[in-house]
Amino acid sequence: MDTITLLKPDDFHLHLRDGGEMASIVGDSARRFARAVVMPNLVPPVVSVQQALGYRQRILACLPHNPGFDPLMTLYLTDDSSREEVDRVAESDKVCAFKYYPAGATTHSASGVTAIKKVMPLLEYMAHRDVPLLVHGEVTDADVDVFDREKAFIERVLAPLAEELGSLRIVFEHITTSDAVQFVTGESEKIAATITPHHLILNRNAMLSGGINPHHYCLPVLKRERHRQALVTAAVSGNPKFFLGSDSAPHPARSKEKPPCCAGIYNACVAIESYAAVFDAMNSLDTLEKFASRNGARFYGLPLNTQTITLRREQWRVPNMLTFADTMLVPFRAGETCQWKLLREQ
Ligand code: DOR
Ligand code: ZN
């Protein structure tokens, strides 16, 4: 198979930043994806529907030549989020979910939830209104090793939450371990997961072996090879619980290359091409459309896209650097040869 045509994919987990930074990158996503679930971890965070709609307008204003791109907004859950805001999300067709960041877990998470019990009544209300919860699944406890934080989150937070609130729709974002694959697979259809291209392609050696590579540092951190393999198996399986969420998260090169290195990998410029390479290597191009264009829409109750994209087996080189507002960033797979090329949208 030397070309693949897919229903235009959706990116169910994307960081677009704001202002000049956003203007320099959002086109990469809009070319490849029809819709994107946009993360709310701006500074200050997006905590109200009103703020989210303003942010959405700023996104669309960056895309005058791509009016088809539909940003699906999210609100940042805090200890103080209100029922009224849950109502507003439930009634909006432009804001689709709340994002749960454990306070201190990752980039711009200082305003996140300090303890799950503080938001339990609100989560019950979200379940009642059928508003999905998107979860950054890592504990922040200093006594838990950074490589074990996702597993500990499943045991300490997510499994008890799923047990107690079985009707809450949860997306376990950017899963990185076989433990997460196993957990999601064993739960009801209310629980799904996104998987990033970098966690499908890299294991932790890419970050730590032969010299530390800050451009491979993201959160949750890359894990060992057996975990990467479990993610690939889940992604290509066709199981409707697993779908595409790139977690593309740009940072200036200078913020990655000087300590403390920011967490995040910018992959939007090579996202669907990278997923295609993973599926191709597994002889599974036939399930790529499920993962990229169908499963997520189904989970979120969205119509399937009608546009398509076509990828061709053709080598091209990923740029070493890209412009990012008034500075530069280093993208995922910088300088590498990519085997699949985005041809056109229809
Ligand atoms: O690596 C990451 N970068 N993980 C996150 O959870 C946040 C993201 C960002 O916003 O940079
Ligand atoms: Zn993210």
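First residue of the sequence shown: -6, per the working numbering; consecutive thereafter.
Glycine included, every Cβ here is placed at the ideal spot set by N, Cα and C.
Predicted, not measured: the structure shown is a model, and the values here were computed from it.
Proximity below 8 angstroms, CB of residue i to CB of residue j
| i | j | result |
| --- | --- | --- |
| F235 | N288 | yes |
| H129 | A98 | yes |
| S341 | L127 | Any question about residue 341 goes unanswered here, given that the chain covers just -6 to 339. |
| P312 | P296 | no |
| C262 | D21 | yes |
| E166 | H8 | no |
| G257 | I188 | no |
| H192 | L212 | no |
| S241 | Y268 | no |
| A390 | P64 | The structure shown has nothing for residue 390, since the chain only spans -6 to 339. |
| T303 | L336 | yes |
| M119 | V79 | yes |
| M15 | C55 | yes |
| V82 | V40 | no |
| T(-2) | M32 | no |
| A264 | R25 | yes |
Coarse secondary structure for residue i, derived from DSSP in three states
| i | result |
| --- | --- |
| H58 | coil |
| Y69 | strand |
| M(-6) | coil |
| T226 | helix |
| V40 | coil |
| R10 | coil |
| Y210 | coil |
| R49 | helix |
| L201 | helix |
| M321 | strand |
| L315 | strand |
| D80 | helix |
| A23 | helix |
| I219 | Reading off the sequence, residue 219 comes out as Arg, not Ile. In this structure, R219 counts as helix in the three-state DSSP scheme. |
| L341 | Lying before the first or after the last residue shown, residue 341 is absent from the chain, which here runs from -6 to 339. |
| A16 | helix |
| R28 | strand |
| L0 | strand |
| D86 | coil |
| T330 | strand |
| P95 | strand |
| P33 | coil |
CA nearest to the CA of residue i, picked from the options
| i | options | result |
| --- | --- | --- |
| E282 | L0, M(-6), T(-4) and D(-5) | L0 |
| S181 | N198, N232, H191 and L212 | N232 |
| A96 | L53, Y118 and L70 | L70 |
| V106 | H167, V79, V132 and I52 | V132 |
| P38 | L315, E166 and S104 | S104 |
| K183 | D240, R162 and D138 | R162 |
| P243 | F176, H58, N34 and G159 | N34 |
| H208 | R197, F292 and R217 | R197 |
| R149 | G159, K110 and Q300 | K110 |
| A152 | A327, F176 and P57 | F176 |
| R291 | I265, A186 and P190 | A186 |
| Q300 | V30, A29, G61 and D11 | G61 |
| G179 | F140, A155, I194 and S102 | A155 |
| A108 | P190, V124 and D134 | D134 |
| L53 | G204, E143 and R28 | R28 |
CB contact below 8 angstroms: residue i versus chain B
| i | result |
| --- | --- |
| V79 | Among the chains of the structure shown, chain B does not appear; only one protein chain is present. |
Of all the alpha helix (DSSP H) runs that stay within the bounds of the region 229 to 313, which reach a length of 4 or more residues? Entirely contained in the region 229 to 313, the alpha helix (DSSP H) runs reaching 4 residues are, in chain order, 246 to 250, 264 to 274 and 288 to 293.
Can at least three beta-carbon pairs, one atom from the region 79 to 91 and one from the region 301 to 319, be found at a separation below 8 angstroms? Too few Cβ pairs lie closer than 8 angstroms, so no.
Considering only residues of the region 105 to 189, which uninterrupted beta strand (DSSP E) runs meet the minimum length of 3 residues and lie entirely inside it, listed in chain order? Runs of the beta strand (DSSP E) lying entirely within the region 105 to 189 and spanning at least 3 residues, in chain order: 126 to 128, 163 to 165 and 184 to 188.
Between the region 160 to 177 and the region 223 to 238, do three or more beta carbon pairs fall short of 8 angstroms? Verdict: yes, contact present.
For the region 240 to 259 against the region 300 to 309, are there 3 or more C-beta pairs whose distance is under 8 angstroms? The region 240 to 259 is not in contact with the region 300 to 309.
Taking contact to mean at least 3 C-beta pairs separated by less than 8 angstroms, is the region 73 to 87 in contact with the region 38 to 55? In short, these stretches touch, since the Cβ pair count reaches three.
Okay, do the region 264 to 274 and the region 328 to 338 touch, 3+ Cβ pairs below 8 angstroms being the bar? Counting Cβ pairs under 8 angstroms, three or more are found: they touch.
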